[in-house]
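In the working numbering, the protein residues as written are 40 to 194.
Beta carbons are placed, not taken as given, at the ideal position from N, Cα and C, and that holds for glycine.
Below is one structure, written out as structure tokens; the observations come after it.
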């Protein structure tokens with residue numbers, strides 16, 4: 040599995056559709072179409088987070104449903120990772136909204152560098168990011184992504 044790396048927040052692994060392993064990941068089957076590029080995301084709040092320009096929860100759920108269908112058909116492992124940024128409220132109180140927004144944008148970019156271009160990095164709630172990776176060669180391939188996230192975030 041090829042991926043780039045960045046820094047990462049605290050995260051926890053949610054589930055594995057095959058059972059037995061504690062990983063769950065999503066990756067798109069095709070390269071991102073032109074309408075899914077960052078420059079096209081701005082101004083589309085129905086599908087993208089306005090601050091980070093990452094897919095939002097609605098788009099993530101759609102991609103997850105498609106990924107689960109493909110995974111069921113192919114039998115290839117799928118991984119879903121929830122990254123939760125610790126201490127965001129204290130950071131906000133100390134440094135203010137503008138600085139927190141810069142930090143969240145930086146985290147989003149770092150997370151995108153940790154995964155393949157066909158994977159999905161989405162913004163959940165204020166302090167949550169979700170990595171969705173499918174078509175993994177093996178269930179433990181998600182550990183490569185997690186190592187990159189840790190390295191990128193200095194954890």
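Use the C-beta contact count for residue i: other C-beta atoms within 10 angstroms, 16 or more gives buried, fewer gives exposed.
i, result
"residue 92", "buried"
"residue 162", "buried"
"residue 128", "exposed"
"residue 178", "buried"
"residue 147", "buried"
"residue 88", "buried"
"residue 95", "buried"
"residue 46", "Annotation note: pLDDT 38 at residue 46 (below 50); position unreliable, coordinate value reported separately. Result: buried."
"residue 194", "exposed"
Name the DSSP beta bridge partners of residue i, please?
i, result
"residue 160", "170"
"residue 117", "173"
With a cut-off of 8 Å on the beta carbons, I'd call residue i and residue j a contact; round off their distance for me.
i, j, result
"residue 143", "residue 99", "The Cβ separation is near 16 Å, so there is no contact."
"residue 123", "residue 167", "5 Å"
Does any residue of chain B have a CB that is nearer than 9 Å to the CB of residue i?
i, result
"residue 164", "Protein chains in the displayed structure number just one, and chain B is not present."
Grab me the residues of residue i's own chain with a C-beta within less than 6 Å of its C-beta, minus the 5 sequence neighbours each way, in chain order.
i, result
"residue 145", "none"
Check: Are the region 151-162 and the region 176-188 touching, with three or more C-beta to C-beta distances below 8 Å?
Finding: Judged by Cβ distances under 8 Å, the region 151-162 makes contact with the region 176-188, as three or more pairs qualify.
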